[in-house]
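The sequence shown runs 508 to 569 under my numbering.
Glycine included, every Cβ here is placed at the ideal spot set by N, Cα and C.
Bear in mind the structure is a predicted one, so any value in this text is a computation, not a measurement.
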Amino acid sequence: MVGRSELIDDDLVLCDPPIEIPDFNVDMVTLKRDASHPRIQFLTQLVQNLIQEKVKELRLIK
């Protein structure tokens, strides 16, 4: 789910998440100009790592 408003034109870019997660969508939205900012890159990597760890845990349970 992505919130959109015609009143705001931030030139948002939608991208696929860094990993595939069946039956679950993860969307990270940032301004294109901020995509290379160290804080955004850190957050992206952190979310990716947390999701990968959780997926590994869930696969071990099955």
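{"query": "Could you name the residues that DSSP lists as bridge partners for LEU550?", "result": "Paired residue(s): none; LEU550 is not in a bridge."}
{"query": "Spatial neighbours of GLN559 within its chain, please: C-beta separation below 7 angstroms, excluding the five flanking residues on both sides.", "result": "ILE526"}
{"query": "Measure the alpha-carbon distance for ARG540 versus ASN532 and round it to whole angstroms.", "result": "24 angstroms"}
{"query": "My output table needs one value for ARG566: the three-state DSSP class, helix, strand or coil.", "result": "helix"}
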